[in-house]
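J.: Submitted below is the structure of interest, expressed as structure tokens.
Residue numbers (the working numbering): 216 to 346.
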């Protein structure tokens, strides 16, 4: 069962890392686009409204991606270390993963199946006794 937990943890770490990388890349892209718009129109009379909109949209998407994927990344790291708190945390994350069709759904089903097994509970509670 430890292998299943490691697979779930690694998948969440990879997906969380990719999403955070995408968020940073998108934020940089939107910032560069706003900078180009500002540099191409120094007077600010035509299209000056586009600069804050680009920055605002980029910032909102950045925040949304971070808020959606950072918990999975943190839970994946905790599960990889077999932290006792990570089991319940990752069950909740796996339930939320069910909404991400098709890959999130598959990961959510696999996560719920593996994390609700008695062997997983015993493995993680044994780690609790070691603390």
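The beta-carbon is built from N, C-alpha and C at its ideal position, and this holds for glycine as well. Keep in mind the model is a prediction, meaning the values are calculated, not measured.
#1: What does the alpha-carbon distance come out to for the pair residue 222 and residue 235?
#2: Kindly provide the ranges of any alpha helix (DSSP H) runs that are 4 or more residues long and lie completely inside the stretch 231–307, ordered along the chain.
#3: In this structure, how does DSSP classify residue 315 when only helix, strand and coil are distinguished?
#4: Taking one C-beta from the stretch 285–302 and one from the stretch 332–343 each time, how about it: are there three or more such pairs within less than 8 Å?
T.: Put simply:
#1: Translated into the one-based positions of the chain shown, residue 222 becomes position 7. Translated into the one-based positions of the chain shown, residue 235 becomes position 20. For residue 222 and residue 235, the distance between alpha carbons rounds to 20 Å.
#2: As far as the stretch 231–307 is concerned, its whole alpha helix (DSSP H) runs of at least 4 residues are 265–295.
#3: What you label residue 315 is simply residue 100 of the chain shown in a count that begins at 1. Looking at residue 315 - three-state DSSP - the assignment turns out to be coil, as it is neither helix nor strand.
#4: At 8 Å Cβ cutoff, the stretches touch.
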